[in-house]
Every structure is written in structure tokens, then in C-alpha cells.
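J.: My structure is below; once you've seen it, I'll send some questions.
The following block contains the structure:
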């Protein structure tokens with residue numbers, strides 16, 4: 768039975784990074800997820816190599832950098848040098864996708880490809896043999912926008928294509944994930960789930976226990 772990994776979006780101010788990371792480590796999170804936004808590809812601004820460098824000196828957890836920016840090829844190197852373990856770029860951004868993926872891999876970093884909710888999976892087919900992970904966004908860009916159940920069809924198709932083409936990419940989901948939508952995402956084929964850190968650092972004694980239990984049950988049922 769495959770195991771589902773959980774990533775938490777880092778949302779702390781610089782002065783609170785260490786305490787947030789320690790809480791996430793104590794909760795048993797598997798990866799840290801950094802959102803990098805340029806105000807153009809998505810409306811918000813956030814993230815940067817300095818944040819990744821600060822995280823790298825604080826933890827040994829894997830760090831995934833999600834470049835929600837127009838020209839990821841210009842900035843991927845800086846994030847890898849800062850300590851990123853996985854750099855995920857968007858199919859929809861303005862860059863040569865294949866060359867960007869090759870750049871990331873050439874620096875010894877794992878590479879991922881992200882798809883917005885409206886993007887068809889078939890557009891990613893030329894690149895799937897070269898990636899380590901496929902990130903399917905399950906909500907539109909913006910703070911706390913709702914989960915879009917129809918995006919899980921793409922997750923199921925990605926799983927089917929992976930098996931048919933004998934590929935090995937991990938399938939991740941991000942956006943509006945709750946305990947209720949988590950099970951459905953796993954049933955459809957998600958291997959990695961990106962959560963808001965507030966869901967993990969919720970004050971519960973074991974905040975991830977119910978989420979892991981729900982994922983395990985869904986995994987057995989799927």
C-alpha cells in the first residue's frame with residue numbers, strides 16, 4: 768500500500784520561522800512547502816531565496832519551492848542554491864518548460880511541474896517523463912478559496928497515465944484541502960497533500976493523526 772506524504776505551507780513571518788518549523792516537526796509533517804509569488808502570475812507576493820536559506824539552516828526536512836511566477840527559469844537556480852530539495856514550476860508560466868526542468872535536474876535538485884485547475888493534463892504529457900512530481904492545484908489562486916472537486920478527475924487521469932506509461936512521478940494536490948476533501952483526493956490518486964500550516968498547528972495533541980488516518984482509510988478503499 769502506498770503511503771501519503773503531507774507538506775505544510777510555511778506562512779510565518781521571518782521572526783517566527785524557527786518556532787513554526789519546530790511545531791511542524793513535532794506534528795510529524797513530511798515536507799515544508801514554500802509558495803513563491805511575483806504579483807503577476809498570481810495576484811499575491813511572497814517567498815524568496817532568503818526564506819528558503821533560513822529554513823535550510825533550521826531544519827533537515829525536505830523543502831519544496833513552488834514557483835508561482837512568470838519566469839521560473841530566471842530564478843530557479845537561486846532557490847536551489849539556497850537549499851531547496853524540490854523546485855516546482857508551472858506549465859502555464861512564460862518559459863521553455865523542458866529547459867527549465869533540465870536546469871533544475873542538472874543542479875542535482877528534484878523537479879516538479881504544477882498545473883492550474885483549468886489546465887488539461889494532456890498538455891503536460893511531453894514533460895512527465897522528466898519530472899519527479901506533478902502538482903495538481905485543486906483551488907484557484909487566492910487566500911482560502913474553496914476546493915474544486917472537479918479537479919480530482921485530473922488526479923485520476925494522472926495516476927492512470929503514470930501506470931500506462933510506466934512512469935514514476937509523485938502526484939500532489941494543493942488548494943482548499945480539508946479533512947473532508949483529503950480522502951477523496953487520496954482515493955483519486957494523490958500521493959502528497961499540501962496543507963495550510965494552520966491545519967497542522969491547530970493546537971491538537973496530535974494534529975496530523977486524524978488526517979493520516981483518513982488518508983490511510985481512503986488509500987485502502989481506493
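Residue numbers (this note's numbering): 768 to 989.
Yeah, the Cβ is synthetic: ideal placement off N, Cα and C, and Gly gets one too.
Select from 950, 859, 987 the residue whose C-alpha is nearest the C-alpha of residue 809.
T.: Taking only the C-alpha atoms, the option nearest residue 809 is 859.
J.: Just to confirm the assignment: which complete beta strand (DSSP E) runs, minimum length 3, are found wholly within the stretch 845 to 915?
T.: With a minimum length of 3 residues, the continuous beta strand (DSSP E) runs that stay inside the stretch 845 to 915 are 853 to 857, 877 to 882, 900 to 904.
J.: Taking 6 Å as the limit between beta carbons, can you name the residues of its chain near residue 804, skipping five residues before and five after?
T.: The residues are 811, 812, 813, 835.
J.: At what residues does the beta strand (DSSP E) containing residue 932 begin and finish?
T.: Note, residue 932: premise wrong, no beta strand (DSSP E); not H, not E.
J.: I'd like to confirm something about residue 910: is its beta-carbon nearer than 7 Å to some heavy atom of the ligand FAD, or not?
T.: Absence of the ligand FAD is noted for the structure shown, with no ligands found whatsoever.
J.: Considering only the alpha carbon of each residue, which of 924, 933, 944, 855 lies closest to residue 906?
T.: Taking only the C-alpha atoms, the option nearest residue 906 is 944.
J.: Are the CB atoms of residue 796 and residue 953 within a distance shorter than 8 Å?
T.: No, they are not a contact pair.
J.: Taking the beta carbon of residue 959 as the centre, do at least 16 other beta carbons fall within 10 Å, making it buried, or is it exposed?
T.: Its Cβ being crowded by 16 or more others within 10 Å, residue 959 is buried.
J.: As a quick exercise: from 852, 878, 910, pick the residue whose alpha carbon is nearest that of residue 902.
T.: Residue 902 has its Cα closest to that of 878, out of 852, 878, 910.
J.: Where does residue 827 fall in DSSP's three states?
T.: It is coil, neither helix nor strand.
J.: Secondary structure at residue 955, three-state DSSP: helix, strand or coil?
T.: Residue 955: helix per DSSP, three-state reduction.
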